[in-house]
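Each protein sequence line maps, in turn, to chains A and B.
Sequential numbering from 96 applies to the first sequence in this note's numbering.
Sequential numbering from -4 applies to the second sequence in this note's numbering.
Accompanying notes for the structure given below.
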Amino acid sequence: MTLHFVNLLDDLRRRSLRMAALVEDILNEACEALLSGDPALARRVILRDEGVDAEEVEVEKEVIRLLALYQPVGIDLRLLCAILKVNNDLERIADCAINVAERAKHLVEHPVHRTNTELRELCNVVQQILRRSVQAYGGEDLESAQAIRSGDTIVDDLYARIVQNIASEGATGPKSTAAMLDALSVAKNLERIADHATNIAEDVIFLATGQIVRHQQ
Amino acid sequence: MVIMDQPQGSLAGAAKAEMRPSPVSAPEPAGETIVRIENLTIRYGDFSAVKNVSLDVYRNQATALIGPSGCGKSTLLRAINRMNDFVPNCQVDGRIVVRGRSIYDPGCDPVDLRRHIGMVFQKPNPFPKSIYRNVSWGAKINGYRGDMDALVEQCLRRAGLWEEVKDKLKQVALNLSGGQQQRLCIARALALQPDVLLMDEPCSALDPIATARIEDLIDQLKTDYTVVLVTHNMQQAARVSDRTAFLYMGELIEVEDTHVLFTHPRHPRTQAYITGRFG
């Protein structure tokens, strides 16, 4: 393959990493808007979705172009496949983060107090997972990716606790049903973000080893 | 010309019995080793072109040999039917076993060997004779006693050339296009009912359409034959072969199922070569 292709591939990889950083930032701001009860910040976060969508399409177009023109193999093929899949997961993460920001606007008016501690913890854990996944992706770090993949259960446990708390609040207190549904939606979206971040770690494993570990224990 | 009713794929089985006894009578099951290369070293004078290579070629598969110029892939290919015997100062150590028989043993007749292991070269090299005689020649001098017209037609059909030449069989083969000439050479090789077909960059002199036809043909030929292919075109190796062997400076660096070698090669040198980082 030509040096020209290697440079194009490197440019695309950097572009994908910039998109990852952008999505990470959107999640962080969405969580901040949620936890600090800042509707103005939530609105600003929502406006950033369009940029992610546009970038997702541009990255995908470039992957297809390079596949068509250069027919890469080996590590180059694996990198392009990984970029394409990570690209999709990043866009989905941004969508979920936007959903969190949407719900954050409502929860400012109707806080669901008993879930606050768990939601805060869930936000922290999910932000950490995404940060570590993006770092593993940037550094093509197999060990980190494998560790992320094996540490996903903490999110599931937190999510289960939040669902349980919301259910018990609904049974015992006069809370707003809308607020409880918002809290549930936030928790669900954060849990989905963790799943997508774990997918990114699995793509890093594929990139490094050629093994598809998805759907395996 | 007699029109045969038999399906194209029956050529190897049907006509083989009339031609000659096979070196080993019982056919081996698919996936079994048909050519075993053991610790093969080939020297031209002081220069070692192939160094201690061991490689199994499986029946009814296409095996591609890839590597940069001078890596020894064509030398290795030619060793399989002893074409290197014609090269002065060429010394072969190690063994090549074809269907259980060591081909460099003193008792092995290289002419007989080449009837079982056909070869197609980089540049199409039809005889300056008619299309018909190009195909029938080898069978005739080897005492074929069956229906020659039928054999010629079957070989041309098998090589995907029949429809294009059926009305001009008596015309000189040199008038055909490059791609047609190469398919004629394949038909000529098939007329001897080989077990293995060696192809040394068979598409390097052809345009993309002719190349695609040869590649399709290789895929079809695997039903009845075993193909070993040398190619500089890595995408071609990826498209047509089941297994790929990468050679570098005479050494076999890696042999692997093609889809694995082109997605996740084990050796860094293979990785560097297939991704164009060197070579």
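Note that CB positions come from ideal geometry on N, CA and C, so glycine has one too.
This structure is a prediction, so every number in the text was calculated from the model and none was measured.
Limits of the beta strand (DSSP E) - the one that residue i falls within
i: tyrosine 127 of chain B; result: Looking at the DSSP string, tyrosine 127 of chain B is not in any beta strand (DSSP E); the run it does join, the alpha helix (DSSP H), is 126 to 136.
i: alanine 154 of chain B; result: Where alanine 154 of chain B is concerned, there is no enclosing beta strand (DSSP E), given that its DSSP letter is neither H nor E.
i: threonine 239 of chain B; result: 238 to 243
Cutoff 6 Å; reference residue i; Cβ partners in own chain excluding five residues on either side
i: arginine 113 of chain A; result: none
i: aspartate 41 of chain B; result: none
i: arginine 90 of chain B; result: Glu33 and Ser97
i: aspartate 133 of chain A; result: none
i: methionine 194 of chain B; result: Val115 and Leu224
i: leucine 256 of chain B; result: Thr239
i: tyrosine 39 of chain B; result: Asn84 and Cys85
i: asparagine 294 of chain A; result: Asp184
i: lysine 200 of chain A; result: Pro134 and Ala137
i: isoleucine 188 of chain A; result: Val118, Ile288 and His291
Own chain, CB closer than 7 Å to residue i, minus 5 neighbours either side, in chain order
i: methionine 244 of chain B; result: Cys66
i: arginine 287 of chain A; result: Cys191
i: glutamine 56 of chain B; result: Lys217, Thr221, Asp237 and Arg238
i: glutamine 222 of chain A; result: Leu122, Asn123 and Cys126
i: alanine 21 of chain B; result: The predicted position of alanine 21 of chain B is uncertain, since its pLDDT is 42 and thus under 50; no value can be drawn from it.
i: tyrosine 99 of chain B; result: Val87, Arg90 and Ile91
i: asparagine 76 of chain B; result: Leu108, Arg109, Ile112, Met114 and Leu193
i: arginine 264 of chain B; result: Tyr243 and Ile248
i: alanine 233 of chain B; result: Thr253 and Phe257
i: lysine 46 of chain B; result: Thr36, Gly245 and Glu246
i: glutamine 119 of chain A; result: At residue 119 of chain A the sequence reads glutamate, which differs from the glutamine that was named. Correct list, in chain order: Leu225, Arg226 and Val229.
i: alanine 303 of chain A; result: Glu235 and Leu237
Those residues which DSSP pairs with residue i across a bridge
i: glutamine 86 of chain B; result: B/Arg38
i: leucine 192 of chain B; result: B/Gly113 and B/Val222
i: alanine 57 of chain B; result: B/Val222
i: serine 43 of chain B; result: B/Arg38
i: serine 97 of chain B; result: B/Val92
i: arginine 31 of chain B; result: B/Asp51 and B/Val92
i: glutamate 251 of chain B; result: B/Thr239
i: isoleucine 155 of chain A; result: One point to set straight first is that residue 155 of chain A is glutamate, not isoleucine, in the sequence displayed. The partner list for glutamate 155 of chain A (beta bridge, DSSP) is empty, contrary to what the question assumes.
i: glutamate 246 of chain B; result: B/Tyr243
i: proline 167 of chain B; result: Looking at the sequence provided, one finds valine at residue 167 of chain B rather than proline. Valine 167 of chain B pairs with B/Ser125.
Reference residue i, options the options, closest by Cα
i: isoleucine 126 of chain B; options: B/Ala168, B/Glu246, B/Lys217 and B/Arg152; result: B/Ala168
i: glutamate 196 of chain B; options: B/Thr206, B/Leu187 and B/Gln188; result: B/Thr206
i: lysine 135 of chain B; options: B/Ile181, B/Phe122, B/Arg94 and B/Ala186; result: B/Ala186
i: leucine 247 of chain B; options: B/Ile37, B/Tyr39, B/Arg128 and B/Ser49; result: B/Ser49
i: leucine 253 of chain A; options: A/Val229, A/Arg215 and A/Ala128; result: A/Arg215
i: serine 131 of chain B; options: B/Pro121, B/Lys68 and B/Met143; result: B/Met143
i: histidine 259 of chain B; options: A/Gln306, A/Gln311 and A/Asp290; result: A/Gln306
i: arginine 208 of chain B; options: B/Arg153, B/Ala59, B/Gly26 and B/Gly62; result: B/Arg153
i: glycine 95 of chain B; options: B/Thr28, B/Thr265 and B/Cys198; result: B/Thr28
i: threonine 70 of chain B; options: B/Arg261, B/Ile269 and B/Thr226; result: B/Thr226
i: arginine 110 of chain A; options: A/Val147, A/Ser131, A/Leu130 and A/Ile249; result: A/Val147
i: leucine 164 of chain B; options: B/Arg128, B/Pro63 and B/Phe241; result: B/Arg128
i: leucine 117 of chain A; options: A/Thr97, A/Ala137, A/Arg143 and A/Leu98; result: A/Arg143
i: glycine 138 of chain B; options: B/Val82, B/Gln188 and B/Ala59; result: B/Gln188
i: valine 158 of chain A; options: A/Ile141, A/Leu136, A/Asn182 and A/His310; result: A/Asn182
i: tyrosine 232 of chain A; options: A/Ala189, A/Leu129 and A/Asp184; result: A/Asp184
i: isoleucine 300 of chain A; options: A/Ala163, A/Arg173 and A/Ala137; result: A/Arg173
i: valine 281 of chain A; options: A/Ala128, A/Asp120 and A/Ala115; result: A/Ala128
i: tyrosine 165 of chain A; options: B/Glu251, B/Val250, B/Arg261 and B/Met229; result: B/Met229
i: leucine 217 of chain A; options: A/Gln312, A/Ala296, A/Asp251 and A/Asp236; result: A/Asp251
i: serine 64 of chain B; options: B/Ile213, B/Phe241 and B/Arg31; result: B/Phe241
i: arginine 183 of chain B; options: B/Asp80, B/Asn79 and B/Lys124; result: B/Lys124
i: proline 105 of chain B; options: B/Gln117, B/Asp80, B/Pro121 and B/Asn120; result: B/Asp80
i: glutamate 210 of chain B; options: B/Gly155, B/Glu251 and B/Phe273; result: B/Gly155
i: lysine 161 of chain B; options: B/Gly173, B/Gly174 and B/Leu179; result: B/Leu179
i: isoleucine 181 of chain B; options: B/Leu212, B/Leu201, B/Gln166 and B/Ser172; result: B/Leu212
Nonlocal neighbours in the same chain, by C-beta distance under 8 Å from residue i, ignoring five residues either side
i: leucine 161 of chain A; result: Phe100, Leu103, Leu104, Leu107, Pro167 and Leu175
i: serine 271 of chain A; result: His205
i: proline 24 of chain B; result: Residue confidence for proline 24 of chain B is low, a pLDDT of 46 falling below 50, so the modelled location carries little weight; the figure read from the coordinates is stated next. Closer than 8 Å at the Cβ level, and outside the excluded window around proline 24 of chain B, lie Arg54.
i: tryptophan 157 of chain B; result: Glu148 and Leu151
i: proline 16 of chain B; result: For proline 16 of chain B, the predicted model reports a pLDDT of 39, less than 50, meaning its position is unreliable and no value from the coordinates is stated.
i: valine 19 of chain B; result: The pLDDT assigned to valine 19 of chain B is 36, lower than 50, so where the model puts this residue is not dependable; a value taken from the coordinates is nonetheless given after this. Excluding residues within five positions, the ones whose Cβ falls inside 8 Å are Arg94, Gly95 and Arg96.
i: glutamine 177 of chain B; result: Val115, Pro119, Pro197, Cys198, Ala200, Leu201, Ala205 and Ile209
Boundaries of the alpha helix (DSSP H) in which residue i is found, first to last residue
i: leucine 107 of chain A; result: 98 to 131
i: glutamate 235 of chain A; result: Run containing glutamate 235 of chain A: none; DSSP gives neither H nor E here.
i: glutamine 215 of chain B; result: 203 to 216
i: asparagine 120 of chain B; result: Note, asparagine 120 of chain B: premise wrong, no alpha helix (DSSP H); not H, not E.
i: asparagine 228 of chain B; result: Segment: none, asparagine 228 of chain B is in no alpha helix (DSSP H) and carries neither H nor E.
i: proline 167 of chain A; result: Run containing proline 167 of chain A: none; DSSP gives neither H nor E here.
i: glutamine 69 of chain B; result: The sequence given here places serine at residue 69 of chain B; glutamine does not occur at that position. First-last of the alpha helix (DSSP H) with serine 69 of chain B: 68 to 74.
Next item on the list: Taking 8 Å as the threshold, find out whether the stretch 139 to 149 of chain B comes into contact with the stretch 94 to 112 of chain B through three or more Cβ pairs.
Entry: The stretch 139 to 149 of chain B makes no contact with the stretch 94 to 112 of chain B; the number of CB pairs closer than 8 Å stays below 3.
Notebook entry, point to check: Within the chosen definition, does the stretch 147 to 165 of chain A reach the stretch 211 to 226 of chain A through at least 3 CB pairs nearer than 8 Å?
Noted result: Too few Cβ pairs lie closer than 8 Å, so no.
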